[in-house]
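*Asks:* Encoded as structure tokens, here's the structure I'll be asking about.
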Amino acid sequence: MQPLSRRNVLTAAAAGTVVTASIAANAQTFGNPDLPPQGAINTRDNPASVTDPGPQNPALASQFPDAFSPPPTDVGDMPMFWASFNNAPRRIQNGGWARQVTQADFQIAEEISGVNMRLTRGAIRELHWHQAAEWGFVSRGAVRVTTIDTEGRSNVEDIGEGGLWYFASGLPHSLQGIGEDGAEFILAFDNGRQTEYNTLLLSDWMAHTPPDILALNFGLPADTFAKIPLHQLYIFPGQMPGPLAAEQEQAAGAAGKIPNPSTFALSSMPPTKKTAGGEVRIADSRNFKASQTIAAALVKVYPGGLREMHWHPNADEWQYYVSGEATMTIFNTGPRAVTQNFKPGDIGYVKKSLGHYIRNTGNTDLVFLEIFRSDRFEDISLSDWLAHTPRALVAQHLNIDPAVVARFPNTKPAIMPL
Ligand code: MN
Ligand code: MN
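Just so we're aligned, residue 72 is where the sequence shown starts under our numbering, counting upward by one.
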């Protein structure tokens with residue numbers, strides 16, 4: 072039984088409700104703030120309140136314990152911020168497959184769309200280009216990438232597990248699986264509406280150009296092109312590429328290489344931030360100079376640790392969960408607070424400046440990517456804000472002694488240990 076406080080009475084009276092013994096028994100408390108109270112903890116006297124006798128899909132429901140029974144601090148609604156590659160249809164071809172989650176499937180994701188792709192060893196994602204910029208993360212194996220810039224300068228580069236690539240909007244490129252088992256990777260486009268199946272393909276354009284135009288364009292007899300494919304290749308098996316240095320030299324010719332590399336070995340760089348709770352590695356235009364429109368953080372949280380309460384003032388956050396298990400709670404005006412569960416292959420999305428935190432709820436390291444449509448990573452830490460604000464001011468807000476406020480972390484830890 073909770074005591075009937077003056078505040079409870081005033082709140083209830085203001086809401087025009089009659090203060091009864093029943094409401095008093097369920098008055099809001101620390102950790103259970105709402106009126107009417109929400110959450111399973113408030114139904115102990117009426118257990119049928121939380122059962123679900125209706126149609127069920129237990130396998131699916133078991134993946135979302137915090138949606139099925141939200142913590143009592145959750146309140147209100149929010150547009151769905153969970154999606155996954157795990158239930159996205161795969162376009163499977165000889166040589167690999169692709170699947171995607173765009174804004175058509177995931178309404179909240181306005182700034183970023185995502186693709187998950189596999190290429191077998193030697194297989195090629197054909198030469199193509201598109202309107203959005205493309206950022207890639209290698210989750211398995213290794214990839215050879217090729218691209219050119221508007222000066223005709225080229226990059227031919229190999230990138231391994233944990234590595235990135237970036238191709239600016241409209242610049243043509245290709246990908247080839249070169250690991251022992253090829254490669255699997257994630258693409259992030261800097262536009263939620265960009266789809267992987269709406270790209271400009273070399274094979275499509277060649278097949279749909281009259282032979283005499285091809286002859287004029289390349290300065291060769293039309294029958295040079297007599298055997299070009301009539302249908303798009305998209306993904307197809309290929310021969311393993313030659314030695315990197317020789318391919319780089321041949322592709323560069325007299326034009327040379329692009330000044331900035333198109334790839335970046337993110338996972339092998341020293342951590343940008345390391346605490347007893349985990350590690351963060353940040354790649355944006357300050358260290359991965361090519362990446363002018365995508366900033367990213369590769370975050371590792373040890374079991375029980377917390378990606379601290381924070382927000383991003385400059386862009387929406389698109390998350391990809393690489394390994395482990397997590398729950399994320401997002402806070403918005405209203406108040407609204409909604410919690411959701413994430414597993415490998417899942418996607419999370421947080422609108423610009425909304426507060427959030429991510430807990431490792433598994434027994435293994437949680438690894439995920441935070442991706443932003445921006446030239447740089449920016450975040451505000453709640454504890455850092457309060458540690459760098461006059462203590463007397465903070466103390467009056469939270470009813471905490473200023474001497475205790477002084478013990479808040481003041482180094483922007485990013486990840487707090489269990
Ligand atoms: Mn592409
Ligand atoms: Mn974040």
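By construction, the Cβ of each residue, glycine as well, lies at the ideal position given by its N, Cα and C atoms.
All values derive from a computational prediction rather than experimental measurement.
By the DSSP assignment, the alpha helix (DSSP H) with R462 in it spans what residues?
*Replies:* R462 to L469 is the extent of the alpha helix (DSSP H) around R462.
*Asks:* Please give the ranges of any beta strand (DSSP E) in the region 250-334, keeping only runs that are unbroken, at least 3 residues long and fully inside the region.
*Replies:* Fully enclosed beta strand (DSSP E) runs of 3 or longer: 254-260.
*Asks:* Would you check if the distance between the CB atom of T218 and the CB atom of H244 is smaller than 7 Å?
*Replies:* Taking 7 Å as the Cβ cut-off, T218 and H244 qualify as a contacting pair.
*Asks:* From V438, K423 and S424, pick the residue whose C-alpha is nearest to that of R430; which is it?
*Replies:* The shortest Cα separation from R430 among V438, K423 and S424 belongs to V438.
*Asks:* Please give the ranges of any alpha helix (DSSP H) in the region 107-174, keeping only runs that are unbroken, at least 4 residues long and fully inside the region.
*Replies:* Correct list: 129-132 and 136-139.
*Asks:* Pick helix, strand or coil for A95, following the three-state DSSP scheme.
*Replies:* For A95, the pLDDT reaches just 45, beneath the cut-off of 50, and the residue's location in the model is therefore unreliable, although a value from the coordinates is still provided. Correct three-state label for A95: helix.
*Asks:* With which residues is T398 paired in a DSSP beta bridge?
*Replies:* Looking at the DSSP assignment, T398 forms a beta bridge with N412 and R430.
*Asks:* Please report the straight-line C-alpha distance between R162 and E267, rounded to a whole angstrom.
*Replies:* One C-alpha to the other measures close to 10 Å.
*Asks:* With respect to the alpha helix (DSSP H) encompassing L457, which residues constitute its N-terminal and C-terminal limits?
*Replies:* Unbroken alpha helix (DSSP H) run through L457: L453 to A458.
*Asks:* Rounded to the nearest angstrom, how far is the Cβ of A259 from that of G231, given a contact under 8 Å?
*Replies:* Contact doesn't hold; Cβ gap of about 19 Å is too wide.
*Asks:* Looking at ligand 2, does it come within less than 6 Å of E441, judged from the CB to the closest heavy atom?
*Replies:* E441 Cβ: within cutoff of ligand 2.
*Asks:* Could you check whether E197 and Y305 sit closer than 7 Å to each other, using their CB atoms as the reference points?
*Replies:* Yes.
*Asks:* Taking the beta carbon of S500 as the centre, do at least 16 other beta carbons fall within 10 Å, making it buried, or is it exposed?
*Replies:* Not covered by the structure: residue 500. The range shown for the chain is 72 to 489.
*Asks:* For the beta strand (DSSP E) containing A367, list its first residue and its last residue.
*Replies:* A367 -> beta strand (DSSP E) spans A366 to V372.
*Asks:* Could you check whether S445 and A366 sit closer than 7 Å to each other, using their CB atoms as the reference points?
*Replies:* Cβ distance < 7 Å, so A366 and S445 count as in contact.
*Asks:* Quick one, are the C-beta atoms of Y392 and I179 less than 7 Å apart?
*Replies:* No, the pair does not count as a contact, with Cβ atoms beyond the cut-off.
*Asks:* Quick one, are the C-beta atoms of Q310 and G166 less than 7 Å apart?
*Replies:* No, the Cβ-Cβ distance between Q310 and G166 is not below 7 Å.
*Asks:* Given the structure, does E205 come close to ligand 1, in the sense that its CB is under 6 Å from one of the ligand's heavy atoms?
*Replies:* At least one heavy atom of ligand 1 is nearer than 6 Å to the Cβ of E205, so yes.
*Asks:* In chain order, what residues of the same chain lie with their CB nearer than 7 Å to the CB of K414, ignoring the 5 residues before and after it?
*Replies:* Cβ within range, chain order: Q134, Y392 and E396.
*Asks:* Quick one: does the C-beta of A388 sit closer than 6 Å to a heavy atom of ligand 2?
*Replies:* The residue you asked about is not Ala; residue 388 is Glu in the sequence shown. For ligand 2, at least one heavy atom lies less than 6 Å from the Cβ of E388.
*Asks:* Under the rule that 16 or more other beta-carbon atoms within 10 Å means buried, what is M487, buried or exposed?
*Replies:* The residue in question, M487, is buried, as its Cβ has 16 or more Cβ neighbours within 10 Å.
*Asks:* If you pair each beta-carbon of the region 126-140 with each one of the region 397-412, do three or more pairs fall below 8 Å?
*Replies:* At 8 Å Cβ cutoff, the stretches touch.
*Asks:* To which residues of the same chain is T191 closer than 8 Å at the C-beta, ignoring the five residues directly before and after it?
*Replies:* Answer for T191: G166, G167, G248, D252, G253 and P308, listed in chain order.
*Asks:* With distance defined between alpha-carbon atoms, name the residue in D229, W200, T432 and N269 nearest to Y373.
*Replies:* Of the listed residues, the one whose Cα sits closest to Y373 is T432.
*Asks:* Where A317 and I284 are concerned, what is the direct C-alpha to C-alpha distance, given to the nearest angstrom?
*Replies:* For A317 and I284, the distance between alpha carbons rounds to 32 Å.
*Asks:* With H, G and I counted as helix, E and B as strand and the rest as coil, what does DSSP make of A354?
*Replies:* Residue state, collapsed to three classes: strand.
*Asks:* Using only the alpha-carbon positions, how far apart do P484 and L301 sit?
*Replies:* Their backbone Cα atoms lie some 56 Å apart in a straight line.
*Asks:* Counting along the chain, where does the beta strand (DSSP E) carrying N187 start and finish?
*Replies:* S184 to L190 is the extent of the beta strand (DSSP E) around N187.
*Asks:* Taking 7 Å as the threshold (C-beta atoms), are L369 and L235 in contact?
*Replies:* Not a contact, by the Cβ cut-off of 7 Å.
*Asks:* So, for Q174: in the same chain, excluding its five sequence neighbours on each side, which residues have a beta-carbon less than 8 Å away from its beta-carbon?
*Replies:* Only A180, E181, S184, G263 and R264 meet the Cβ criterion.
*Asks:* Is the beta carbon of V186 sitting closer than 7 Å to the one on A169?
*Replies:* Yes; because the gap between Cβ atoms is below 7 Å, this pair is in contact.
*Asks:* Could you pull the DSSP bridge partners for W345 from this structure?
*Replies:* According to the sequence as given, residue 345 is Lys; it is not Trp. According to DSSP, K345 bridges with E350.
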